[in-house]
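Colleague: Structure provided below as structure tokens; questions to follow.
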Amino acid sequence: MKADSAPVPLQGSFQAQEEDGELDLGQLLSTLWSGRWTIVAFVAAACVLGILYLIAARPVYESNGMVQVEQNAKSMGGGMGDLASLFGAPMETEAEIQILKSRMVLGKVISALKLEVQAEASYFPIFGRFIARKRVEGDALQPALFTNSRYAWGGEKLEVTQFTVPETLLGEPFRLTALGNGQFSLQDPEDDSKIWRGQVGVLLSAESSAGPITLFVQELRSHPGTRFSVVRLSFMEVLTNLQKHLKVVEAGKQSGVISLTVRGPSASYVADVIQQMEDAYLRQNVERRSAEAQQSLEFLQQQLPEIKGRVDAAQAKLNEYQLKQGSVNVTKETELVLQQSVDFETKRLELMGQRQQATQRFTAQHPVVQALDAQIRALDSEQANIKKRTETLPETQQEVLSLMRELEVNSQIYTTLLNSAQELQVAKAGTVGNVRIIDYPLIPNKKTSPVSVVVGAISVFIGLVLGVGFLFLQKALFRGVNRPDEVERVLGLPTYAAVPYTGRQKRVALALRRKQEGTHILAEVEPDNVAIEALRSLRTSLQFALLEAQNNIVMLTGPTPGLGKSFVSMNLAAVLAKSGKKVVVVDCDLRRGYLHRYIGETAAPGISDYVAGNADMQSVIRKTPVAGLSLIANGTIPPNPSELLLHERFVQFLKHLSETYDLVIVDTPPVLPVTDASIIGRMAGCVLMVLKEGEHPMRMVEETVRRLRQAGVQLRGIIFNQVGIRGGGYGYYSSYYTYSYSNKYGAAPR
303 MKADSAPVPL QGSFQAQEED GELDLGQLLS TLWSGRWTIV AFVAAACVLG ILYLIAARPV
363 YESNGMVQVE QNAKSMGGGM GDLASLFGAP METEAEIQIL KSRMVLGKVI SALKLEVQAE
423 ASYFPIFGRF IARKRVEGDA LQPALFTNSR YAWGGEKLEV TQFTVPETLL GEPFRLTALG
483 NGQFSLQDPE DDSKIWRGQV GVLLSAESSA GPITLFVQEL RSHPGTRFSV VRLSFMEVLT
543 NLQKHLKVVE AGKQSGVISL TVRGPSASYV ADVIQQMEDA YLRQNVERRS AEAQQSLEFL
603 QQQLPEIKGR VDAAQAKLNE YQLKQGSVNV TKETELVLQQ SVDFETKRLE LMGQRQQATQ
663 RFTAQHPVVQ ALDAQIRALD SEQANIKKRT ETLPETQQEV LSLMRELEVN SQIYTTLLNS
723 AQELQVAKAG TVGNVRIIDY PLIPNKKTSP VSVVVGAISV FIGLVLGVGF LFLQKALFRG
783 VNRPDEVERV LGLPTYAAVP YTGRQKRVAL ALRRKQEGTH ILAEVEPDNV AIEALRSLRT
843 SLQFALLEAQ NNIVMLTGPT PGLGKSFVSM NLAAVLAKSG KKVVVVDCDL RRGYLHRYIG
903 ETAAPGISDY VAGNADMQSV IRKTPVAGLS LIANGTIPPN PSELLLHERF VQFLKHLSET
963 YDLVIVDTPP VLPVTDASII GRMAGCVLMV LKEGEHPMRM VEETVRRLRQ AGVQLRGIIF
1023 NQVGIRGGGY GYYSSYYTYS YSNKYGAAPR
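Residue numbering for the sequence shown follows the numbering used here, beginning at 303 and increasing consecutively.
Okay, structure coming up:
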């Protein structure tokens, strides 16, 4: 019977109702939820890598100390404080920080701790070092985990106090092997045949391929056969590495307190480095202050004889003048002028001394030198004024004033320099510098990094980022069709149904894979399931579609395997049978069909056996637990399935079924791998293609349709299956299938 117009499929029902923003968010959440196990896998893998990192990574320890830089040289007393201003101000904190980082200080640390020589035991790959750390108990040597092991397992120690190598072998590891009884062997890194034997406490001298080497082992504690690596590094390499892990900063703005922090591979190492740094810095500061005092003392000792001569000469001139002129009374005005002149001259000489010292450190254009020059010019101006006042005095007073001023100035300078020289002698012998150690380092009792919590958090974060990134990259590179309207828009094919994916379907699929006995037809065991409700909607649409079909044969196919096509075929047939129709479902997937498992039976005898003449028609038609529904299994797997479907017996068989039953549901293999569906499709009155949500790119769907049409098969529409399997919910389709019945087992599945 033909209808006047084509049936109206569910095409209009699937237009998106959401706004663009809401749809994008829904797709985002759907993608994340569908790939949750992928994300979990990435997070788990990242956490495993994080654990391996924690096991394999060398621990880093940190220790610190503090020193204070006093801005004034108080230890030298008040007189020497004036001298400090005469011979230069003390260093600023920033300068002291640079001194702490200098080769002068760090070089002494490297030398004292012998950091240029590195000796380390050989550990089992990845987790050997971790095990050795966990097994250490004091200085006790732990037993080896493997017999005749060359690896260290805890408690091993090698102390090398001297190791010299040719320059070409700097940085090259020498292999040292413990032999027992304090003996060891040393192998040339460039010539494996050269092996020297040595004894603990005895200097080993040998001739390597590159030149002479010397090695002195102070202590060796290990099992015989344990291997060590001994390396001599260049001074610059050690210095650069130490500076890289050293932090020297001022603790507080203009506090004068400097904080020292160093990071390293062992707790004792970092504490020793800070201790040696503080000691070396303190020593150099004391030595520098002592050297400054010595330099100033030498300068004064050079000046004292000259100044003493000036004093004696001035005294002689004054005495000679008084003998010649007799007693001369000095007026008060002359005394005042004399005092001012002496003060100005003394100050000028002090400034000249400061300038002489400053020019040894700075150029004439330096602000310090220019400031001193300005002060000297000001004093010269004052001296000029004094000279003018002196010229107004009587000639006798002028002469006496000149002689007394010369004597007074030289006497004051001589006395000042003599006192300073005595103070410098005391300071040179007992100076303590202008720095003091506030905090000595402590041996840290736990590592600074890696921190388990931090590594764990970073691992989880990286795993999440990689997992989410992988999902969206996969989605971008392999974008499956998620919405029926995409197919409708591109191919013009209507969507007849969207079958949701439920938890019960998972259990049915598992039972089928395990070939469990019993009935696994969901429409029979759980008729109110939301997926079955969708198939009832398909039943209604299908009845309209068959009105203009050439026969009552309905073929279901798909692009690729694994779409749930067999589930749709069997349960659609059951739904049709429950509506009072006489229905037969035929498994024409002669290679991998398994419809027989839904009723717990075997594949043979089936359609392949009938077409091959090995079974009659009645023997291949089986009853099912669903009233009105029969099943024809695929049968014995033939060597030539496609040729079997072209056989006349198969064509006549389908015609007989079409005449005998109200509806014939044919489940066929996928289109793209084999041609079986194209052969059967020409005999069917209605052909529907099953698509799995998000599984197929549009180009794959287009290719499937193209092949069917090339074979003369008229595709009527699409069934979207397993909707929500990727998003964990029905999302786009939720409004159509939220209504369901309660069942005897409880609430309807969500």
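Note that CB positions come from ideal geometry on N, CA and C, so glycine has one too.
#1: At which residues does the beta strand (DSSP E) containing residue 994 begin and terminate?
#2: For residue 868 and residue 1010, I'd like the C-alpha separation in whole angstroms.
#3: Drop a sphere of 10 angstroms on the beta-carbon of residue 379, count the other beta-carbons inside from all chains shown, and report buried for 16 or more, exposed for fewer.
#4: Which residues bound the alpha helix (DSSP H) around residue 857?
#5: What do you reckon, are the CB atoms on residue 454 and residue 423 nearer than 8 angstroms?
#6: DSSP has residue 366 in a bridge; who is on the other side?
#7: Taking the beta carbon of residue 494 as the centre, do at least 16 other beta carbons fall within 10 Å, making it buried, or is it exposed?
#8: Any heavy atom of the ligand PLP within a distance shorter than 7 angstroms of the CB on residue 891?
#9: Give every residue of the same chain whose Cβ lies closer than 7 angstroms to the Cβ of residue 1014, excluding the five residues on either side of it in the sequence, and list them in chain order.
#10: Apply the 10 Å Cβ neighbour rule to residue 725 and answer buried if 16 or more other Cβ atoms are within range, or exposed otherwise.
#11: Would you kindly work out how many angstroms separate the C-alpha atoms of residue 866 and residue 1007, rounded to a whole number?
#12: What does the Cβ neighbour count give for residue 735, buried or exposed, with the cut at 16 atoms within 10 Å?
#13: Looking at C-alpha atoms only, which residue of 968, 468, 934 and 909 is the closest neighbour of residue 940?
#14: Where does residue 525 land, buried or exposed, given buried means 16+ other C-beta within 10 angstroms?
#15: Of the choices 506, 683 and 490, whose alpha-carbon is the least far from that of residue 271?
#16: Which whole runs of the alpha helix (DSSP H) in the region 924-995 are 4 residues long or more, in chain order?
#17: Nearest to residue 806 by CA position, among 410, 776, 916 and 834, is which residue?
#18: Rounded to whole angstroms, what's the CA-CA distance from residue 924 to residue 888? Just pull it up for me.
#19: Output needed for residue 1002: all residues of its chain with C-beta closer than 8 angstroms, excluding positions within five of it in sequence on either side, in chain order.
#20: Could you tell me whether the Cβ atoms of residue 720 and residue 616 are closer together than 8 angstroms?
#21: In this structure, does DSSP put residue 422 in helix, strand or coil?
#22: Mind checking which residues open and close the beta strand (DSSP E) that includes residue 1023?
#23: Going by DSSP, which residues form a beta bridge with residue 549?
#24: When the Cβ atoms of the region 771-790 are set against those of the region 355-369, are three or more pairs found closer than 8 angstroms?
#25: Going by DSSP in three states, residue 324 sits in which element: helix, strand or coil?
#26: Taking C-beta to C-beta, are residue 746 and residue 553 nearer than 8 angstroms?
#27: Given residue 946, which residues of its chain have a CB within under 8 angstroms of its CB, disregarding the five upstream and five downstream residues?
#28: Take residue 991 as the anchor and find which of 898, 871 and 884 has the nearest alpha-carbon.
#29: State the CB to CB distance for the pair residue 716 and residue 613, rounded to an integer number of angstroms; the pair is presumed to be in contact (CB under 8 angstroms).
#30: Are the region 832-851 and the region 926-933 touching by the rule of at least three beta carbon pairs closer than 8 angstroms?
#31: Alpha carbon to alpha carbon, how far is residue 572 from residue 516? Give it in angstroms, no decimals.
#32: By the 10 Å Cβ neighbour count, where 16 or more other Cβ atoms means buried, how is residue 1023 classified, buried or exposed?
#33: With burial defined as no fewer than 16 other Cβ atoms inside 10 Å of the residue's Cβ, what is the status of residue 406: buried or exposed?
#34: For residue 583, count neighbouring Cβ atoms within 10 angstroms of its own Cβ and tell me buried if that reaches 16, exposed if not.
#35: Is it a yes or a no for the region 442-453 touching the region 522-537, going by three-plus beta-carbon pairs under 8 angstroms?
#36: Report the partner residues of residue 737 according to the DSSP bridge assignment.
Modeller: Straight from the coordinates:
#1: 988-994
#2: 19 angstroms
#3: Note that residue 379 scores a pLDDT of 38, beneath 50, so its modelled location is shaky and nothing firm can be said.
#4: Looking at the DSSP string, residue 857 is not in any alpha helix (DSSP H); the run it does join, the beta strand (DSSP E), is 855-859.
#5: yes
#6: 563
#7: exposed
#8: With respect to the ligand PLP, the structure offers nothing, as it holds no ligand at all.
#9: 984
#10: buried
#11: 19 angstroms
#12: buried
#13: 909
#14: buried
#15: Any question about residue 271 goes unanswered here, given that the chain covers just 303 to 1052.
#16: 943-947, 950-962 and 978-983
#17: 834
#18: 11 angstroms
#19: 861, 862 and 974
#20: no
#21: strand
#22: 1017-1025
#23: 563
#24: no
#25: Note that residue 324 scores 43 on pLDDT, short of 50, meaning its location in the model is unreliable and no value can be drawn from it.
#26: no
#27: 892, 910, 913, 914, 940 and 952
#28: 871
#29: 5 angstroms
#30: no
#31: 28 angstroms
#32: buried
#33: exposed
#34: buried
#35: yes
#36: 371
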